[in-house]
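Residue numbers (this note's numbering): 1357 to 1915. Quick notes on the structure that follows.
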C-alpha cells in the first residue's frame, strides 16, 4: 500500500479495555522439558513460575521458539535470542540469518550483489580472507555455507584464499572441531588441485579468540587480530589438523577456549597475514559475536587495542551486523526488512513504554524487539534502561547476575504510573546455562523466578496485566542425549554437558488483576510460536493487531 493510505492507528479491541499497565517479561533460555536432574528449572526453587503453570490452565500454554516458527530453515535449527526477540516484537515470521544466506547462495545472487562486487576488486592482486566459526551448529555459522562460499569465490575469480577459523564446542559437541578442520582441509586441497592457492592461515577457540560480544573483553578480539592480521600467535604449526589435535591434548583444553595459533611455512613464516590490498569476509551470519571484529576491521579511528597495523582492505560481512551503526558498511546478503513492529505501533497509539535488561540482553529487549533498529521511536514516550553486566568473569561465578536490579527497575516503572508497557529480559537461564555449570544454573533459575515475583507483585498493586514468556530453551536441559532421550556419557563415564540452546517450546502465561475475566488462550492455534505473542500483547493493551500479524493466542469468552 502507498504511504498515503497507511495509518499507524490500531483498531480498538471490541472486548478489552485500554490503559491497563502491561508487564512483558522474557525469561532468556527458559524452555519446557521433562523433569529430571538435568532440568535446572525443575530442580531449582521456582515457586512463581510453578504457580503460573499450576494456576488457571487456560492462562498458561507452550509456544514454539525454534526452526520455522522463528524464520530459521529447518526444525533442527535451535532458536536464539536474536531471532526470538525479532519474532516477539515483529509479530510476523521473517526469513532469518541462515535462511537468507542459504537463499542467496542457492540462487547465486550473492555473487551479483554489491558486497561481493566490492571485495572482488581485490581478487587479481590480493588474497581473500574468510574469518568465522567452523561448525555446523547453525547458530552463528554453518560449514556448508563456508564450503559453498569457497567454491563460489574461486569460480568468481579468487586466486588466493586464506581461512581463519574459530573452533566451536558451544553449539556443537566439544571435540567435533577436528572433524570440521579435516573436512575444510580436504576442500582446500581440491581447490589447490584446480590451481587456487587456498589454505588455512590461523585458528583459535571462539570464546578465547575473536568472538567476544557486547564489548565484554577486547582482549579476545586482539588475540584474533594478532593471529589473523599480524600473523603472530603463541603457537605455530605447519598444519591446522595438527594444531587442533596438539592443543586439545592439554587436560584443561576444550574447543571453546583453544589458544590462538598461526600456520607457518617451512621457513617459519605465517602463511596468511592480512595485508594492504586484501579482501576480508567474516562469514558468520549471526551478528552479536562479529560486531567487535567488524569495528576493528572497518574503523579508521579505533582505540580499543593497539592494532599495530591497520591494513587497507576491502571488508564485507556475510550480513550487516548492526543496522544502526551501518556496520559493516559492505555485506554479501541484505537483512530482513522488519517494519511496523508492535513496539512502533503501540508507541504511535499512545502506549508509553519502558524497556530494561542488563548489558548482555539489553539489545534484545530494544534493538531486536524493534526489528533490528536502534534508538527510540519517540523519546517522549519511551525509556530504555541498561544495567551494566558483570565484566571480566564467567556468569556461573555470579549466577544471580542483575536479575534483582532489573526487577527493581521494572517494579519502580510499574508503580510510577508513567508507563503502559514495562518490558524486561531476565538473562540468567541462558547466560549461566551456556557455562554448563549445573549448580550455578539452578541458582540462576531461582534468581530469575525471584525477579518475576517482584514484577508480578507490582502488577498486582496497580491492577495491571502480566505476560511472562521466554525466547528459546537452554536451562531446562543441560545434558546431551541419545535418540531415545538417555543422557550421553563420555569416555570416562561422565555425562556430556549441553551448553547450547535447545529445540524445546517455551511457556507463556497471562494474568493479573487487570485481565478481563473471560480472557483465555484459544485452542485453535496449537502450533503458535513466538510471533503470535505480539498480537496477544496488543490485545492486552486494548487494540486489535494489524491483519498481517500472526494471530493472537487469546480470545474473550462471555461468562
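The C-beta atom is built at its ideal place from N, Cα and C for all residues, glycine as well. What you are looking at is a predicted structure, and each value in this text was computed from that prediction instead of being measured.
Apart from the five residues on each side of it in sequence, which residues of its chain come closer than 8 Å, Cβ to Cβ, to residue i?
i	result
residue 1601	1534
residue 1371	1872, 1874, 1912
residue 1401	1802, 1805
residue 1844	1835, 1836, 1837, 1838, 1851, 1852
residue 1393	1399
residue 1895	1369, 1372, 1901, 1908, 1910
What whole-angstrom Cβ distance do residue i and residue j have, given they're in contact under 8 Å?
i	j	result
residue 1853	residue 1789	Not a contact, Cβ separation roughly 10 Å.
residue 1740	residue 1722	5 Å
residue 1560	residue 1614	6 Å
residue 1818	residue 1377	5 Å
In the structure shown, what three-state DSSP assignment does residue i receive?
i	result
residue 1715	helix
residue 1479	coil
residue 1638	strand
residue 1368	strand
residue 1990	Only positions 1357 to 1915 of the chain appear in the structure, and residue 1990 is not among them; the question remains open.
residue 1536	helix
residue 1415	helix
residue 1614	coil
residue 1781	strand
residue 1473	helix
residue 1622	coil
residue 1548	helix
residue 1699	helix
residue 1400	coil
residue 1379	strand
residue 1857	coil
residue 1689	strand
residue 1913	coil
residue 1519	strand
residue 1867	strand
residue 1707	coil
residue 1678	strand
residue 1881	coil
residue 1721	helix
residue 1564	coil
residue 1822	strand
residue 1627	coil
residue 1647	helix
Since residue i is in the alpha helix (DSSP H), which residue starts that stretch and which ends it?
i	result
residue 1403	1403–1410
residue 1787	1784–1789
residue 1797	1794–1818
residue 1579	1574–1584
residue 1893	1888–1896
residue 1900	No alpha helix (DSSP H) holds residue 1900; DSSP gives it neither H nor E.
residue 1767	1759–1772
residue 1597	1596–1603
residue 1457	1453–1463
residue 1427	Element bounds for residue 1427: n/a, residue is neither H nor E.
Between which residues of its own chain and residue i is the CB-CB distance below 7 Å, once the five residues before and five after are set aside?
i	result
residue 1328	Residue 1328 cannot be examined here, being either before or after the span of the chain that is shown, 1357 to 1915.
residue 1562	1489, 1522, 1523, 1524, 1526, 1612
residue 1391	1398
residue 1737	1703, 1708, 1709
residue 1586	1629, 1664, 1665
residue 1891	1447, 1901, 1905, 1906, 1907, 1908
Between residue i and the rest of its own chain, which residues show a CB-CB distance below 6 Å, the 5 nearest in sequence each way excluded?
i	result
residue 1425	1885
residue 1374	1898
residue 1719	none
residue 1389	1395, 1832, 1833, 1860
residue 1745	1714, 1715, 1716
residue 1305	The displayed coordinates of the chain run from 1357 to 1915. Any statement about residue 1305 would go beyond what the structure contains.
residue 1446	1694, 1697, 1727
residue 1514	1479, 1484
residue 1778	1379, 1710, 1766, 1769, 1770
Kindly indicate the opening and closing residues of the beta strand (DSSP E) around residue i.
i	result
residue 1555	1553–1561
residue 1442	Here residue 1442 belongs to no beta strand (DSSP E); instead the alpha helix (DSSP H) covers 1437–1446.
residue 1738	1738–1743
residue 1675	1670–1675
residue 1844	That residue, residue 1844, is in no beta strand (DSSP E); it is neither H nor E in DSSP.
residue 1831	Unbroken run through residue 1831: none, as it is neither H nor E.
residue 1917	There is no way to answer for residue 1917, as the model of the chain reaches only from 1357 to 1915.
residue 1592	1591–1593
residue 1875	1875–1877
Is the shortest distance between the beta-carbon of residue i and the beta-carbons of chain D less than 8 Å?
i	result
residue 1750	Looking at the structure shown, chain D is missing, and only one protein chain is on hand.
Checklist entry - Just checking, does the stretch 1856–1871 make contact with the stretch 1822–1842 on the three C-beta pairs under 8 Å criterion? => result yes
Next on the checklist: Using a Cβ distance threshold of 8 Å, determine whether the stretch 1477–1484 contacts the stretch 1447–1466, with at least three qualifying pairs required.
Outcome noted: no
Checklist entry - Looking at C-beta atoms only, is the number of pairs between the stretch 1553–1573 and the stretch 1506–1518 that lie closer than 8 Å three or more? => result yes
Checklist entry - Are there three or more Cβ pairs, one per stretch, closer than 8 Å when the stretch 1724–1733 is compared with the stretch 1754–1768? => result no
Next on the checklist: Closer than 8 Å is the cut-off here; do at least three beta carbon pairs connect the stretch 1615–1633 with the stretch 1579–1593?
Outcome noted: yes
Item to check | the stretch 1568–1580 in contact with the stretch 1620–1627 per 3-pair CB rule at 8 Å | outcome: no
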